[in-house]
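One structure is given below, encoded as structure tokens.
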Amino acid sequence: MNKLGILSGIGASAIWGGMYVVSKVVLEVIPPFALLTLRLLLGILVLGMIVQWRGGLGFNRQQWKQVLGVGIVGYGVSIGFQFVGTKLSNASNGALITSSTPAFVLLFAALLLKEKLSPRQGLALALATLGALIVVDPRAVRLSPDTFWGNLSLVGAAITWALYSVLIRLVTRNLDTLRVSLVAFVGGLFITVPAALWEWKTIGVGAIDGMVIAGILYLGIISTALAMFLWNTAFATLPAGIASLTLFAQPLVGVLLGALLLEERLTALFFLGGVLICAGLWLATRE
Numbered sequence: 113m114n115k116l117g118i119l120s121g122i123g124a125s126a127i128w129g130g131m132y133v134v135s136k137v138v139l140e141v142i143p144p145f146a147l148l149t150l151r152l153l154l155g156i157l158v159l160g161m162i163v164q165w166r167g168g169l170g171f172n173r174q175q176w177k178q179v180l181g182v183g184i185v186g187y188g189v190s191i192g193f194q195f196v197g198t199k200l201s202n203a204s205n206g207a208l209i210t211s212s213t214p215a216f217v218l219l220f221a222a223l224l225l226k227e228k229l230s231p232r233q234g235l236a237l238a239l240a241t242l243g244a245l246i247v248v249d250p251r252a253v254r255l256s257p258d259t260f261w262g263n264l265s266l267v268g269a270a271i272t273w274a275l276y277s278v279l280i281r282l283v284t285r286n287l288d289t290l291r292v293s294l295v296a297f298v299g300g301l302f303i304t305v306p307a308a309l310w311e312w313k314t315i316g317v318g319a320i321d322g323m324v325i326a327g328i329l330y331l332g333i334i335s336t337a338l339a340m341f342l343w344n345t346a347f348a349t350l351p352a353g354i355a356s357l358t359l360f361a362q363p364l365v366g367v368l369l370g371a372l373l374l375e376e377r378l379t380a381l382f383f384l385g386g387v388l389i390c391a392g393l394w395l396a397t398r399e
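The sequence shown begins at 113 in our numbering and counts up by one.
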């Protein structure tokens, strides 16, 4: 099993699991789509310099269209659903629904990549999913009419992120992962820029200080340029079903950082869930 792919997926998920505190601070000042646009622009700047140093893109017209479309799905539609869902629902619902993403990955992998789920992978998915459910604690989930549209948007985010991830594996069969990541960021701008302009006119932007600037740089360079490239690398080098399981590192890191930074208490359920997630990842990599 490709160790680079496993480490890349876990690295991306760990970064995303730890960006909640930073995002919360920055979103107090900058609306969601404006922030996402800034993140994508910083990601384009960072990856663009590396790609230029490595000789440029070299994509033909068809490849541009193909990868831009993938970027629209991932960084426009999926993250758009996530923003709407987070606003209209709550963090517990979001964490629970996000844990369904690997199951959707397996579905799209079977349809688009013809990847078959082995009994070992099925058991690994079951263990890791159970572990994630224990970590996020479904008892905190609130399923009520006032969160319906938010929950529905979060389901849309899970489905479209799974589709994006499988499409990344599809397009990186013949294209370099770094270049694909760069052009996919550009694709996301087709949706985020109009949404950001609407936010700027209707909501406005708060006072920007040094802490907010530092947060934007972190979200753009680490959580976008680096983490998205690592995620794409995982799906470029691993079967989609196995790569998707690394997403379960996200709730583990999120809860752990909550304990370290916000003095939240770690329960026995966290450790039990963590063991099950690790067991699922270990089992999936044995093939």
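Each residue gets a CB set at the ideal place from its N, CA and C atoms; glycine is no exception.
I'd like the span of the alpha helix (DSSP H) that includes residue i, first residue to last.
{"i": "N344", "result": "A339 to T349"}
{"i": "K228", "result": "First-last for K228: undefined, no H or E at that position."}
{"i": "V223", "result": "According to the sequence shown, residue 223 is Leu rather than Val. Element bounds for L223: n/a, residue is neither H nor E."}
{"i": "N263", "result": "F260 to V283"}
{"i": "R151", "result": "P144 to W165"}
{"i": "T336", "result": "Counting along the chain, T336 falls outside any alpha helix (DSSP H), and DSSP gives it neither H nor E."}
{"i": "Y132", "result": "Y132 to L139"}
{"i": "G299", "result": "T289 to T314"}
{"i": "V317", "result": "Per DSSP, V317 belongs to no alpha helix (DSSP H) and is neither H nor E."}
{"i": "T198", "result": "I191 to L200"}
How close, in whole Å, do the beta carbons of residue i and residue j come, if the pair is a contact with beta carbons under 8 Å?
{"i": "L159", "j": "F347", "result": "Incorrect: roughly 17 Å between the Cβ atoms, too far for contact."}
{"i": "R291", "j": "L169", "result": "6 Å"}
{"i": "G353", "j": "L229", "result": "6 Å"}
{"i": "Q175", "j": "L287", "result": "6 Å"}
Alpha carbon to alpha carbon, how far is residue j from residue i? Give it in angstroms, no decimals.
{"i": "G234", "j": "I162", "result": "38 Å"}
{"i": "L148", "j": "S335", "result": "11 Å"}
{"i": "I246", "j": "L364", "result": "10 Å"}
{"i": "I303", "j": "V283", "result": "21 Å"}
{"i": "D321", "j": "A307", "result": "23 Å"}
{"i": "G383", "j": "L309", "result": "Reading off the sequence, residue 383 comes out as Phe, not Gly. So the alpha carbons of these two residues sit roughly 44 Å apart."}
{"i": "I122", "j": "I315", "result": "36 Å"}
{"i": "F171", "j": "V217", "result": "27 Å"}
{"i": "K313", "j": "V137", "result": "21 Å"}
{"i": "G299", "j": "V185", "result": "8 Å"}
{"i": "A240", "j": "T397", "result": "13 Å"}
{"i": "R173", "j": "L368", "result": "45 Å"}
{"i": "Y330", "j": "C390", "result": "28 Å"}
{"i": "E140", "j": "A296", "result": "27 Å"}
{"i": "I328", "j": "G392", "result": "34 Å"}
{"i": "Y276", "j": "L357", "result": "15 Å"}
{"i": "I118", "j": "E227", "result": "18 Å"}
{"i": "F178", "j": "G386", "result": "It is worth fixing the name first, because residue 178 is Gln in this sequence and not Phe. Q178 and G386: Cα-Cα distance of roughly 38 Å."}
So, is residue i buried or exposed, given that buried needs 16 or more other C-beta atoms within 10 angstroms?
{"i": "I191", "result": "buried"}
{"i": "I156", "result": "buried"}
{"i": "P214", "result": "buried"}
{"i": "G318", "result": "exposed"}
{"i": "L116", "result": "exposed"}
{"i": "F260", "result": "exposed"}
{"i": "W343", "result": "buried"}
{"i": "M131", "result": "buried"}
Does the ligand GDP have a heavy atom nearer than 8 Å to the CB of residue i?
{"i": "R166", "result": "Of ligands this structure carries none, so the ligand GDP is not represented either."}
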